[in-house]
Amino acid sequence: MAVVWLLSIFLLIFILIAAVKRNNQRRCRQPPSPPGLPFIGNLHQLGVLPHRSLWELSKKYGPVMLVKLGRVSTVIVSSPETAKQVLRDHDLNCCTRPSLEGTRKLSYNYRDIAFSRYDDYWKDLRKLCVRELFSTKQVNLIQPIKKMEMKKLIDSITESASEETPVNLSEKFLSLNVNVVCKASFGVSFQGTVLNNEKFQGLVHEAIEMLGSFSASDFFPYIGWIFDWFTGLHARREASVRDLDAFYEQMIDLHLHKNREDRSEDDFVDLLLRLEKEEAVLGHGQLTRNHIKGILMNVLLGGINTSAITMTWAMAELARNPRVMKKVQSEIRDHIGKNNEVISLDETDKLKYLKMVIKETWRLHPVSPLLVPREVTSEFKINGYTIQPKTRLHVNTWGIGRDPKVWKDPEEFIPERFMDCDIEANGLHFELLPFGGGRRICPAMYLGATTVEFGVANLLYQFDWKLPEGVDDVDMDEAFGLTAHKKHDLLLVPVKS
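Those letters in the sequence shown? Residues -19 to -1, 1 to 478, by mature numbering (1 follows the signal peptide of the UniProt record, and there is no 0).
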């Protein structure tokens, strides 16, 4: 009898809790949502390229859309107006990163650290990185390194031009950025280390893929890790973490043991190690060796891969649009003149049409098409819809860039659309958000923009470019992960101008 009464009490409590939840949902106007399936929600509707699938769904359900990804409620915003509400008006309500359950069982939780989940930690980290790496002054200081590496790249492409053989620009751009970032930020090159440039590129590719990979644990807490173990994803992540950790340890060891006379001044790794020794505070906690590795993850993957992806997309679009390529080359060559080995940062800053080409590339091919997810910490409203705490939130920058309500002929590559337009990629104009916006905007925005302009300008100045023999058009297929990069490498034939 007592058991019956106990079960009755539990049943009554359950009914009351369910009734309270239903009443709260009725009082709150939730965003429209496509119908889902039991257990998986709307996961089956994401497709291979989620940003495209979500854009198609938003055409039917609107610029504020609620989807259920497994057990996780996720809101997708896909218009400049709604992005403005998220990134500016209600920035404080959703400036935290979601916990990534898929990494909880890893020996080193690099995704949570690299994505800087907590706002107080992120603020201190941002100040540190901007001051020591990404300020205008620091970017200008690394110009000799950029020029030296660009000269090497031009020399290697000149050999291909003499034989009229195709050049893999995807690999060339990545190699350029690897060398610049490692020398400028960490004071090391690949000579004398266990990794060569090619192996390191493979390490970067694998890390990017693992960071952006689908993890069942992220959408199905408590049980999803079983699926990750079964598919081998967990093992791949562990291997990626071990390889990255070995690289960080070797780089740190080089800085700890090299002689003072071997270096003229401290670099970024020296600074972090000194702060660790001084027991500096980052956010509300002390800076640790794992924090240092997480910071290096941000710099490595954010500084290397994103710029290389944009440069690749820019050259791919120019190869498909000879009119635009000829126009931008004329601007560069008329302004620079002849017999100039490498164009400087000051010179690229004056190339207005080149800047339009880069902005048009960002519009059509944002490196982070859904931005990195945010997590709602306190209730707020978008377009009258209530956004609940613990909801994940994505801004579909890819969809915004293709919106015919915002852009005329959105599928066409037309840099001239920015001719009499004040839209800039600085996080203040929500039609164009390649670096995000609000408190979580990319701190390396200036470095990223100047790196892309520098790389594209120099290759267009030194060479004409054509498609390989027998190829009629450039394959523009995307591959989705943490970033939306070109699925297949870009191969073009250089012709010495």
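Ideal Cβ placement from N, Cα and C applies to all residues, glycine included.
| query | result |
| --- | --- |
| Would you decide whether leucine 73 is buried or exposed? Buried here means 16 or more other CB atoms lie within 10 Å of its CB. | exposed |
| Return the chain-ordered list of same chain residues with a C-beta closer than 6 Å to the C-beta of phenylalanine 461, the five sequence neighbours on each side being excluded. | Leu30 |
| Distance check for isoleucine 422 and lysine 118, CA to CA, integer angstroms please. | 20 Å |
| Short check: CB of glycine 28 to CB of leucine 50, under 9 Å? | no |
| Please determine, among Ser151, Leu254, Lys333 and Thr464, the residue with the shortest C-alpha to C-alpha distance to glutamate 230. | Leu254 |
| Which of helix, strand or coil does DSSP assign to lysine 366? | The sequence as given places tyrosine at residue 366; lysine does not occur at that position. Reduced to three states, the DSSP call for tyrosine 366 is strand. |
| Kindly identify the DSSP beta-bridge partner or partners of valine 162. | Valine 162 pairs with nothing; no bridge assigned. |
| For glutamate 341, does the three-state DSSP call read helix, strand or coil? | helix |
| For a test of the three-state rule: what should DSSP assign to tryptophan 446, helix, strand or coil? | strand |
| Report the rounded CA-to-CA distance for phenylalanine 154 versus lysine 274, giving the unit in angstroms. | 24 Å |
| Drop a sphere of 10 angstroms on the beta-carbon of glycine 419, count the other beta-carbons inside from all chains shown, and report buried for 16 or more, exposed for fewer. | buried |
| Which one of Lys319, Val262, Thr464 and Phe399 has the shortest CA to CA distance from aspartate 105? | Val262 |
| To test your reading of the DSSP string, which unbroken alpha helix (DSSP H) runs of 4 or more residues are found completely within the region 3 to 79? | 31 to 42 and 61 to 65 |
| Between arginine 304 and proline 202, is the Cβ-Cβ spacing less than 9 Å? | no |
| Which same chain residues end up closer than 8 Å to isoleucine 324 when comparing Cβ atoms and leaving out the 5 residues on each side of it in sequence? | Ile313, Ile317, Phe435, Ala438, Asn439 and Tyr442 |
| Locate the beta strand (DSSP E) running through leucine 134, then write down its first and last residues. | Note, leucine 134: premise wrong, no beta strand (DSSP E); alpha helix (DSSP H) at 124 to 144. |
| What does the Cβ neighbour count give for aspartate 70, buried or exposed, with the cut at 16 atoms within 10 Å? | exposed |
| In chain order, what residues of the same chain lie with their CB nearer than 6 Å to the CB of aspartate 251, ignoring the 5 residues before and after it? | His236 |
| Which runs of the alpha helix (DSSP H), 4 residues or longer, sit entirely within the region 344 to 425? | 378 to 382 |
| Between asparagine 364 and glutamate 62, what straight-line distance do the alpha-carbon atoms span, to the nearest angstrom? | 9 Å |
| Please report the Cβ distance between tryptophan 343 and proline 415, rounded to the nearest whole angstrom; I am assuming they are in contact, meaning their Cβ atoms lie under 8 Å. | 4 Å |
| Is the CB-CB distance between valine 120 and leucine 448 below 9 Å? | no |
| Got a sec, what are the start and stop residues for the beta strand (DSSP E) histidine 469 sits in? | Segment: none, histidine 469 is in no beta strand (DSSP E) and carries neither H nor E. |
| Using only the heavy atoms of the ligand FAD, determine whether one of them is closer than 8 Å to the beta carbon of aspartate 251. | Looking at this structure, you won't find the ligand FAD or any other ligand, since it has none at all. |
| Measure the CB-CB distance between valine 56 and leucine 352 and report whether it falls below 9 Å. | no |
| Work out the CA separation of leucine 150 and glycine 205 for me, nearest whole Å. | 39 Å |
| Tell me whether the region 186 to 199 and the region 463 to 472 touch, counting them as touching only if at least three CB pairs, one residue from each stretch, are closer than 8 Å. | yes |
| For isoleucine 276, count the other beta carbons within 10 Å of its own beta carbon; 16 or more makes it buried, fewer makes it exposed. Which is it? | buried |
| Measure the C-alpha to C-alpha separation of serine 166 and glutamate 397 and round it to an integer number of angstroms. | 36 Å |
| Among Glu145, Lys65, Lys164 and Tyr102, which one has its Cα closest to the Cα of leucine 114? | Lys164 |
| Can you tell me where the alpha helix (DSSP H) with phenylalanine 249 in it begins and where it stops? | 249 to 258 |
| Measuring alpha carbon to alpha carbon, tell me which residue in Asp454, Phe228 and Pro370 is nearest lysine 180. | Phe228 |
| In chain order, which alpha helix (DSSP H) runs of at least 4 residues are fully inside the region 200 to 227? | 205 to 212 |
| Within the same chain, show all residues whose beta-carbon is closer than 8 Å to that of valine 161, passing over the 5 residues directly before and after it, in chain order. | Ile123, Ile126, Lys127, Glu130 and Thr432 |
| Do alanine 216 and leucine 471 have their C-beta atoms closer together than 9 Å? | no |
| According to DSSP, is leucine 192 helix, strand or coil? | helix |
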